[in-house]
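Shown next as structure tokens:
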């Protein structure tokens, strides 16, 4: 069992900057439209992901951090999100905290423990700074295609429901957060 002493203030996590945008506001019934969802995780979990914590986590053999992002896009009727257009989608990002023996990195970072960010949709990335590591791990962006036939003819209002969850670690308690994006209007002719 790991020695667990979580940082204070980690209960104040929230979804930040959740936004939904469409590639075009009006499109034909037989064509598609691209919807983009962006959001980030702010609060104690993001603030605690820094080099001093990586050193402690590595020493205590807590070397992997996984965060699961969930999102779905719904049609809004009378202020309530009622019909799901994009089924709940899930994406995972991971951070692997490792001891580097690369002499170029040791000189560059002046620190031997670093984080490798793994996004299941992209190639692994070694960030140059702590802030870049936080940005790559705690900010999410995805695109979805919808057909006019799936939406139906007429004017529609759409909203994204987003969330994130992670497990218990040296530097955090288990957590789940959720939120909603702005509403956008699209027209299908």
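Residue numbers (my numbering): 4 to 192. Virtual Cβ for every residue (Gly too), placed ideally from N, Cα, C. Note that the structure is predicted; figures quoted are calculated from it, not measured.
Per DSSP, the bridge partner or partners of residue i
{"i": "residue 67", "result": "99"}
{"i": "residue 46", "result": "DSSP, once it has assigned bridges, lists no residue as partnering residue 46."}
{"i": "residue 162", "result": "77 and 186"}
{"i": "residue 120", "result": "98 and 128"}
Distance between residue j and residue i (C-alpha atoms, nearest Å)
{"i": "residue 157", "j": "residue 41", "result": "26 Å"}
{"i": "residue 129", "j": "residue 57", "result": "14 Å"}
{"i": "residue 90", "j": "residue 76", "result": "7 Å"}
{"i": "residue 188", "j": "residue 100", "result": "43 Å"}
{"i": "residue 165", "j": "residue 148", "result": "17 Å"}
{"i": "residue 43", "j": "residue 150", "result": "27 Å"}
{"i": "residue 192", "j": "residue 144", "result": "28 Å"}
{"i": "residue 102", "j": "residue 133", "result": "15 Å"}
{"i": "residue 54", "j": "residue 27", "result": "42 Å"}
{"i": "residue 20", "j": "residue 35", "result": "26 Å"}
Own chain residues within Cβ distance below 6 Å of residue i, not counting five before or after
{"i": "residue 137", "result": "49 and 52"}
{"i": "residue 96", "result": "70, 122 and 140"}
{"i": "residue 190", "result": "29 and 158"}
{"i": "residue 177", "result": "170 and 171"}
{"i": "residue 61", "result": "100 and 116"}
Contact under 8 Å by Cβ, residue i with residue j
{"i": "residue 88", "j": "residue 33", "result": "no"}
{"i": "residue 167", "j": "residue 67", "result": "no"}
Three-way DSSP call (helix, strand, coil) for residue i in this model
{"i": "residue 55", "result": "helix"}
{"i": "residue 92", "result": "strand"}
{"i": "residue 60", "result": "helix"}
{"i": "residue 17", "result": "strand"}
{"i": "residue 41", "result": "strand"}
{"i": "residue 5", "result": "In this predicted model, residue 5 has a pLDDT of only 43, less than 50, meaning its place in the structure is not dependable enough to derive any value."}
{"i": "residue 176", "result": "coil"}
{"i": "residue 34", "result": "coil"}
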